[in-house]
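Below is one structure; the comments refer to it alone.
Next comes the structure, spelled out in structure tokens:
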């Protein structure tokens, strides 16, 4: 079964100067600027349109499964902010505000850089209480202001990077002294070379373990905005909550889209792990064997491979559901949260396991595993922190406010696990005095992420079965999920420790003979830059390293 990643529009970009420029010798700031050039080179081949953004077309999802992230995660951070958060938000309003159409086109063609400023350093995910204000003036203009240091917009890279930069900035709309809720505004941040008047950015130090991005703290000092900078109406909304959901819809899209990035990441880990494990040999010269011979090496690589194929099937199913506008918006949000939770879970686990099996080499960013793992840690928080998403989703499901798609087979092992976890916590909620009370805090909240993951495991399994993923891959996926909560299966499915180990062993034995073709079908080799995957690449890499040769004379007992 071929991998769905066969559509890689960014592939020609790998031959362009931004991607052929060596990055290791560059200072972090220069690497961050280079990432903007790489983002443009990798994005433009998609020829994305406003219609793609609004309909969430197949091209949009292909874009968010592009393996270019394995080459430069910083570039992809810029790409998804530009297209999904910034251009996507403006496009939704441009349908009623056609004066914004040229700006959307500029963003799609990378004639301007786009950013998305919502989170404030003192408020985090508590969006309802952000402090940045936009006050309407008698002449129809607005004054955008950061009233306290805690209201600084946190994280987005707002420094000049060679092209004019605008942002969607969320602020509290004030009209005649009345607070009319949180609204999005289009704001010019810099002209590509210097910040605009009244806009200040403070550059964060490097974020460890990830490709450098010029993350910043951004402040506004009574910045004058034109009357058409407001996205949407001046009128006070009938429902502040509904208005917030509409204004921040692209965050839900981003939860789904960023979750899908786990697929090329896991493909990267599996490919590097397999190639390295076949190259690296142990033993005396006359009987050397590749370390892939050992089951300890096989387990993380085969498991990640099985998870890739199952996650691809799940992503295809989930994006179809997510695009269905006839569904309750809360259900679509829930699907996004579930997908993101298990994509992050599986990708982070596979990164650590395969990195460990690459020994000391697995620790270095030039071998791609730790650098992409650092990106995934950021994704776990960006566009909806997984813990916060899970707490909200579980709380609403336990209260019966809505339902996610039910299991196709309630008797399957993973469906029974999901039901068991929810039955336990439903009983807690039923006896609690209030759904936000102390009992819920102590006995439900700590388990919300694992409960959401259990939904995702069941859904992914069902998607893989319905899409015809190879049975041995599905079996290995189930075995890997059972290992995440072995006690439950012992207590409730009469599946003892030895039986669990046997299920995994049989599945590993079935997948191993197909590993070569499964890795080839991922089509990742062009995106692999890790020198540890072959002798030729290692030799080339060694020739790039700085050399220190000795010419000092020394001997024991003498000081130089």
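Residue numbers (full-length UniProt numbering): 1 to 560. Every residue, glycine too, gets a C-beta built ideally from N, C-alpha and C.
Three-way DSSP call (helix, strand, coil) for residue i in this model
i           : result
residue 297 : helix
residue 154 : strand
residue 16  : coil
residue 260 : helix
residue 195 : strand
residue 165 : strand
residue 427 : helix
residue 179 : strand
residue 22  : coil
residue 171 : strand
residue 456 : helix
residue 133 : strand
residue 142 : strand
residue 4   : Note on residue 4: pLDDT 41, under 50, position unreliable in the model; no value is reported.
residue 449 : helix
residue 465 : helix
residue 184 : strand
residue 40  : helix
residue 404 : coil
residue 476 : helix
residue 548 : coil
residue 364 : coil
residue 394 : helix
residue 11  : helix
residue 420 : helix
residue 444 : coil
residue 116 : strand
residue 378 : helix
residue 124 : strand
residue 389 : helix
residue 281 : strand
residue 159 : coil
residue 103 : helix
residue 562 : Outside the modelled stretch of the chain, which goes from 1 to 560, sits residue 562, for which no answer is possible.
Residue j beta carbon less than 8 Å from that of residue i
i           : j           : result
residue 166 : residue 508 : no
residue 481 : residue 474 : no
residue 57  : residue 110 : no
residue 83  : residue 146 : no
residue 351 : residue 519 : no
residue 131 : residue 141 : no
residue 451 : residue 414 : no
residue 104 : residue 91  : yes
residue 144 : residue 128 : no
residue 292 : residue 302 : no
residue 477 : residue 354 : no
residue 87  : residue 114 : yes
residue 45  : residue 12  : yes
residue 175 : residue 225 : no
residue 416 : residue 462 : no
residue 117 : residue 157 : no
residue 532 : residue 276 : yes
residue 459 : residue 308 : no
residue 164 : residue 236 : no
residue 366 : residue 201 : no
residue 454 : residue 418 : yes
residue 610 : residue 203 : The question about residue 610 has no answer here: the residues shown for the chain are numbered 1 through 560.
Cβ distance (whole Å) where residue i is taken to contact residue j below 8 Å
i           : j           : result
residue 343 : residue 259 : 4 Å
residue 160 : residue 192 : 5 Å
residue 168 : residue 89  : 5 Å
residue 511 : residue 472 : 5 Å
residue 527 : residue 18  : Not a contact, Cβ separation roughly 15 Å.
residue 271 : residue 491 : Contact flag wrong, Cβ pair sits at about 38 Å.
residue 545 : residue 449 : Residue 545 to residue 449, Cβ: 42 Å. No contact.
residue 267 : residue 357 : Not confirmed; about 17 Å, so no contact.
residue 170 : residue 184 : 6 Å
residue 256 : residue 341 : Rounded, the Cβ-Cβ distance is 11 Å, inconsistent with contact.
Interface flag, residue i vs chain B, CB-CB below 8 Å
i           : result
residue 443 : Looking for chain B here will not work: only one protein chain is present.
*Where in the segment 60-94 do unbroken runs of the alpha helix (DSSP H), each at least 4 residues long, occur, reported from the N-terminal end onward?*
DSSP runs (the alpha helix (DSSP H)) wholly in the segment 60-94: 73-80, 88-94.
*asked:* Check whether the segment 30-39 and the segment 205-213 touch, using three or more Cβ-Cβ pairs below 8 Å as the test.
replied: The segment 30-39 is in contact with the segment 205-213.
*Entirely within the segment 284-344 and at least 4 residues each: give me those alpha helix (DSSP H) ranges in chain order.*
Runs of the alpha helix (DSSP H) inside the segment 284-344: 295-322.
*Which ranges would you report for the beta strand (DSSP E) in the segment 481-532 if only whole runs of at least 3 residues count?*
Runs of the beta strand (DSSP E) inside the segment 481-532: none found.
*Where in the segment 199-261 do unbroken runs of the beta strand (DSSP E), each at least 3 residues long, occur, reported from the N-terminal end onward?*
With a minimum length of 3 residues, the unbroken runs of beta strand (DSSP E) contained wholly in the segment 199-261 fall at 199-203, 216-220, 223-225.
*Indicate whether the contact test is met: 3 or more Cβ pairs, each with one atom in the segment 363-375 and one in the segment 385-402, closer than 8 Å.*
The segment 363-375 is not in contact with the segment 385-402.
*Just checking, does the segment 307-322 make contact with the segment 229-239 on the three C-beta pairs under 8 Å criterion?*
Output reads no: the segment 229-239 does not touch the segment 307-322.
*For the 8 Å Cβ check, are there 3 or more pairs between the segment 246-258 and the segment 327-339?*
In short, these stretches touch, since the Cβ pair count reaches three.
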